[in-house]
Amino acid sequence: MTSGALIVAFYKPKTVNTSGGMSHFDRAMAYLWSSSGVLIVLAVVFCVLHNLSPNPMVHFVAGTATFISGGILRFNPLKIGGIILAFSGIASIFASEANQQIIFAFAMLAGYIYPAIALKKAEKQGE
-12 MTSGALIVAF YKPKTVNTSG GMSHFDRAMA YLWSSSGVLI VLAVVFCVLH
38 NLSPNPMVHF VAGTATFISG GILRFNPLKI GGIILAFSGI ASIFASEANQ
88 QIIFAFAMLA GYIYPAIALK KAEKQGE
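Numbering (our numbering), first residue to last: -12 to 114.
Have a look at this one:
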């Protein structure tokens, strides 16, 4: 997850539109995901310092940001992905460390891969 964030952080600024402007949508998404990224880093540091598992916190923050993104985009599969991530955070609280990793893998697949496949399918259908 960290390597992906670093790639996006360095690659995205080069691919931003060349008009020089930023729409309200672009600004809202930038604030949402940058603040979520900072919050995830702070949550992981806090959890490690207090000998807690960071998985539930990461799930909650990522789920909230994903759900809000789905609402802004009016794309229900992304909202469902956010809900799945949030519920996986709840499940992670009560799971052992080994099971938290399985829940994390499922949540990433269901929370991000499912919406991506649905988006690709909608794009092919011309919606």
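We put the beta carbon where it would ideally sit given N, CA and C, even for glycine.
> Taking all protein chains shown into account, do 16 or more other C-beta atoms lie within 10 angstroms of the C-beta of S83, making it buried, or fewer, making it exposed?
Replying inline: Counting Cβ neighbours within 10 Å, S83 comes out exposed, since fewer than 16 surround it.
>> Between A94, G24, D13, which has its C-alpha nearest A78's C-alpha?
In response: Selected option, being the one with the closest Cα: A94.
> Quick one, which of G58, G69, L65, V28 has its alpha-carbon nearest K107's?
Replying inline: The option with the nearest alpha carbon to K107 is L65.
>> Using a Cβ-Cβ cutoff of less than 8 Å, which residues in the same chain neighbour I27 once the five nearest sequence positions on both sides are dropped?
In response: Taking I27 as the centre and dropping the five residues before and after it, the same chain places the C-beta of M44, V45, V48, A49 closer than 8 Å to its C-beta, in chain order.
> Would a C-beta distance cut-off of 9 Å place I55 and F12 closer than the cut-off?
Replying inline: At a Cβ-Cβ threshold of 9 Å, I55 and F12 do not count as neighbours.
> In whole angstroms, what is the alpha-carbon distance linking Y99 and G69?
Replying inline: Their Cα atoms are separated by approximately 8 Å.
>> Quick check: what's the CA-CA separation for R14 versus R61?
In response: Rounded to whole angstroms, R14 to R61 spans 17 Å at the Cα level.
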